[in-house]
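Student: Note that our numbering numbers the sequence shown so that position 245 is 242, with each residue one more than the last. We put the CB at the ideal spot given by N, CA and C, even for glycine. Below is the structure I would like to discuss, written out as structure tokens.
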Amino acid sequence: MKSHMPSTSCQNSNAQARAGAICSARVIELLQKYDRPGPRYTSYPPATEFKAMNAGIYLDALERQSQLYGDTEPVSIYIHIPFCSSPCYYCGCNKIITRNHDNVRQYLDHLRKEMALLRLQSSVYRRPVTQLHWGGGTPTFLDDAEVTELMHLTAHYFNLQAGKDRDYSIEVDPRTVTRERIELLRGLGFNRISLGIQDFDQNVQKAINRVQSYDEIVELVGTIRARDFRSLNFDLIYGLPLQTLESIQETLSQVIALSPDRISYYNYAHLPERFSAQRAINSQDLPTPSQRLEILTTIIDALTGAGYLYIGIDHFVKKDDPLALAKAQGKLRRNFQGYSIDKAADLIGLGVSSISTAGNVFAQNEVQLEHYYRALDANQLPVARGVVSNAEDALRREIIQQLSCFRSLDIAGLERDYKINFAEHFRLALPELEQFERDGLIVMHGQQGLTVTTDGTLLLRNICMAFDEYLNRGTPLRPMFSRAI
Ligand code: SF4
């Protein structure tokens, strides 16, 4: 259905000059109208809905999955390294700022214990690990010996793969690596790297306390390319203090010159009441909402003009990237890392605050380091919260996946697969969908489906929110969510 739905651009207004152009004046109006915080939908139900849970529920779910699909069913692993040596002022991650390297020893010992306990209590270790991701914090806070130790530990307790198809990725803070370090990571089996760039403008970098020179990045990219990593991702942020249209244009031309395979361009959510580091940012220095929109449209125009495909919320990829192919083949999925190819349904999260998924169960580890250590010291897996999603969650998750990944909804397919009457089942959402259509954000195709327009792409999260039962249960919108733009 996705392929034969009409593609639309700027509905209800005069057609803009070229495909993909953003109707700025109209969109500003729409953004003001729909400006409300919402989840990024890297999971559904969102992590904000997780409740207290014990590890037994997660272990049972893992066993059910193994029995259902067998030991050859692929699995993903995520390992969280929480340490950073200095705070970036925009940061909303779960991290620990320290210069004391002794912390790492204690953390690695507990990670080993977590892996050993999981292996003891579950057969998941037999399943091939097709995707591995180290995130943080700063994974490269670990020194060479520690990075090597952690990879060896993972290989000891799980079924790591050596095949070319595997996706083993690591988030790299460019300030923490050398050429030799990159070579070591490649030697250990990583084949994807994500560089935390954020912005190339020196004034912006100073305002966010993350200074790194363009020349250093150029050299690093050269080393990564020479070492034959399969993919290079840049993490960038818009809406940062002191960013202007001109500075973003300069950053964009520097980014495009380095030609990363994937670009994640996140919008900065200024929530100083929740993230103390953000209190160091002068809110007067932040771009206004209309400047943010101008910046966003400049980003979309520049990157799509340079041959990148805007695959959905915050993410751009080269047209021959596996994610672009996965999108064309209907295999793209949204998950905790943003977007990925649907290689493994289950995810083992290791380390403080990590989230695991097994079948219909989401399980999150203790978020506080001392609680994480305490559970493991008592020989217990450190699962603290989570949710067992039900059939209704699964239906809504599928809808949010389709909207986020394909900007369309196969209503006929949903009615068939989930045995529902869409209009009846979502009667409470219908007035909102009708309003979206009047505002040119979506086009309804009778009972067959709907497509999201170019304008609607900018408000994709808001469209997803219409199907979020938790938000629509009268739960007040929370300050922890960022806004659409
Ligand atoms: S942005 Fe990354 S490197 Fe900076 S403080 Fe946050 S987790 Fe650490």
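Assess, as a yes-or-no matter, whether the stretch 440 to 459 is touched by the stretch 402 to 410 under the definition of 3 or more beta carbon pairs within less than 8 Å.
Tutor: A contact exists between the stretch 402 to 410 and the stretch 440 to 459.
Student: Just the C-alpha distance for Asn376 and Leu114, rounded to the nearest angstrom, thanks.
Tutor: Distance between the alpha carbons of Asn376 and Leu114 is about 7 Å.
Student: Who are Cys81's beta bridge partners in DSSP?
Tutor: Answer by DSSP bridge pairing, in chain order: Ile94.
Student: Suppose contacts are defined by Cβ-Cβ distances below 8 Å. Is Ser256 in contact with Asn91 by that definition?
Tutor: No, the pair does not count as a contact, with Cβ atoms beyond the cut-off.
Student: Starting from Asp212, trace the alpha helix (DSSP H) both ways and give me its first and last residue.
Tutor: First-last of the alpha helix (DSSP H) with Asp212: 211 to 223.
Student: On the CB-based measure, 16 or more other CB atoms within 10 Å of its CB, does Val208 come out buried or exposed?
Tutor: Counting Cβ neighbours within 10 Å, Val208 comes out exposed, since fewer than 16 surround it.
Student: Straight-line CA distance for Ser210 to Arg172?
Tutor: So the alpha carbons of these two residues sit roughly 9 Å apart.
Student: Touch check for the stretch 260 to 277 and the stretch 229 to 236: three-plus C-beta pairs under 8 Å?
Tutor: Result yes; three or more Cβ-Cβ pairs closer than 8 Å.
Student: Report yes if the C-beta of Pro84 is less than 7 Å from at least one heavy atom of the ligand SF4; otherwise report no.
Tutor: For the ligand SF4, at least one heavy atom lies less than 7 Å from the Cβ of Pro84.
Student: Applying the 10 Å Cβ sphere with the 16-neighbour rule, what's the burial state of Gly132?
Tutor: Gly132 comes out buried.
Student: What separation, rounded to the nearest whole angstrom, lies between the Cα atoms of Arg102 and His368?
Tutor: Between Arg102 and His368, the C-alpha separation is close to 17 Å.
Student: Examine the ligand SF4 and report whether any of its heavy atoms sits within less than 7 Å of the Cβ of Gly335.
Tutor: False, no ligand heavy atom lies under 7 Å from that Cβ.
Student: What first and last residue would you give for the beta strand (DSSP E) that runs through Ser405?
Tutor: Here the beta strand (DSSP E) through Ser405 covers 405 to 407.
Student: Answer yes or no: the CB of Asp170 versus the heavy atoms of the ligand NAD, is any distance below 7 Å?
Tutor: Among the ligands present in this structure, namely the ligand SF4, the ligand NAD is not found.
Student: In this structure, does DSSP put Asp32 in helix, strand or coil?
Tutor: Three-state DSSP puts Asp32 in coil, outside helix and strand.
Student: Who are the near neighbours of Leu488 in its chain, counting only those whose CB is closer than 6 Å to its CB and skipping five residues on each side?
Tutor: As displayed, the chain neither begins before -2 nor continues past 482, which places residue 488 out of reach and without an answer.
Student: Check each candidate in Asn362, Ser337, Thr295, Cys85 and name the one with the smallest Cα separation from Tyr165.
Tutor: That would be Ser337, whose Cα lies nearest to the Cα of Tyr165.
Student: Taking 7 Å as the cut-off, is the CB of Thr135 close to at least one heavy atom of the ligand SF4?
Tutor: Yes; taking the cut-off as 7 Å, the Cβ of Thr135 has a heavy atom of the ligand SF4 nearer than that.
Student: Does DSSP put Val349 in a helix, a strand or coil?
Tutor: Looking at Val349 - three-state DSSP - the assignment turns out to be coil, as it is neither helix nor strand.
Student: Return the chain-ordered ranges of every beta strand (DSSP E) run that is complete within the stretch 364 to 429 and spans a minimum of 3 residues.
Tutor: Counting only runs of 3 or more, we get 380 to 385, 405 to 407.
Student: Contact check, Ala381 vs Gln361 under 8 Å by CB: the rounded distance?
Tutor: Confirmed, Cβ separation roughly 6 Å.
Student: How many Å lie between Cys20 and Asp162 at the Cα?
Tutor: A caution first: Cys20 carries a pLDDT of 46, below 50, which makes its placement in the model too unreliable to give a value.
Student: State yes or no: is the C-beta of Leu378 within less than 8 Å of the C-beta of Ala49?
Tutor: Their beta carbons are not under 8 Å apart, which means Leu378 does not touch Ala49 by this criterion.
Student: Let me make sure I understand the geometry here. Which of Thr95, Lys316, Arg289, Asn332 has the alpha-carbon closest to that of Gln29?
Tutor: Ranking Thr95, Lys316, Arg289, Asn332 by Cα distance to Gln29 puts Arg289 first.
Student: Does the Cβ of Lys324 have 16 or more other Cβ atoms within 10 Å, making it buried, or fewer, making it exposed?
Tutor: When all chains shown are included, Lys324 counts as buried.
Student: Helix, strand or coil for Tyr75, going by three-state DSSP, please let me know.
Tutor: Looking at Tyr75 - three-state DSSP - the assignment turns out to be strand.
Student: Measure the alpha-carbon distance for Glu412 versus Arg424 and round it to whole angstroms.
Tutor: Their backbone Cα atoms lie some 14 Å apart in a straight line.
Student: Any chance the CB of Cys483 is under 7 Å from a heavy atom of the ligand SF4?
Tutor: A query on residue 483 cannot be resolved here, the shown segment of the chain reaching from -2 to 482 and no further.
Student: Consider the C-beta atom of Gly193 and the heavy atoms of the ligand SF4; say whether any pair is separated by less than 7 Å.
Tutor: Within the cutoff, so yes.
Student: Within 10 angstroms of the Cβ of Ala426, are there 16 or more other Cβ atoms? Answer buried if so, exposed if not.
Tutor: By the neighbour-count rule (16 or more Cβ atoms within 10 Å), Ala426 is buried.
Student: Taking Asp164 as part of the alpha helix (DSSP H), name the residues at either end of that continuous run.
Tutor: Per DSSP, Asp164 belongs to no alpha helix (DSSP H); it is in the beta strand (DSSP E), 164 to 169.
Student: Could you please give the first and the last residue of the uninterrupted alpha helix (DSSP H) stretch that includes Ala299?
Tutor: Start and end: 286 to 302.
Student: Report yes if the C-beta of Lys92 is less than 7 Å from at least one heavy atom of the ligand SF4; otherwise report no.
Tutor: Result yes, Cβ under 7 Å from the ligand SF4.
Student: Under 7 Å from any heavy atom of the ligand SF4, does the C-beta of Cys88 make it?
Tutor: Checking every heavy atom of the ligand SF4 against the Cβ of Cys88, one is found closer than 7 Å.
Student: What residues are listed by DSSP as bridge partners for Leu157?
Tutor: According to DSSP, which records beta bridges pairwise, Leu157 is partnered with Val126.
Student: Taking the alpha carbon of Thr285 as the point to measure from, which residue in Ala274, Asn332, Ala266 has its own alpha carbon closest?
Tutor: Measuring from the Cα of Thr285, the nearest candidate turns out to be Ala266.
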